[in-house]
């Protein structure tokens, strides 16, 4: 006779909480990486017409964005 296949409860009982928390942490870090990469692509894909048509050109945050776009190599030095 064939042995009885393991049940789902027995499989769940063998899963350690550290394995589950590791996968959750991995998923959270992957989501953070995707968010940061998307923001970087969005920032550096701005065109000059997008920048010129922005209504808040005197805003402090907008000036920081302009500085980053003018000198993209300095962007990596800030971290």
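Residue numbers (the UniProt record's numbering): 1 to 79. Glycine is no exception: its CB is placed at the ideal position from the N, C-alpha and C atoms. Bear in mind that the values here come from a model prediction, so they are computed numbers and not experimental data.
In the pairwise beta carbon analysis, the stretch 40-49 is classified as touching the stretch 64-74: at least three pairs are separated by under 8 Å.
Runs of alpha helix (DSSP H) with 4 or more residues, each lying fully within the UniProt domain "CNNM transmembrane" (15-79), are found at 17-44, 48-52, 60-70 and 72-77, listed in chain order. In the same chain as residue 16, and ignoring 5 residues on each side of it, no C-beta atom comes closer than 6 Å to its own.
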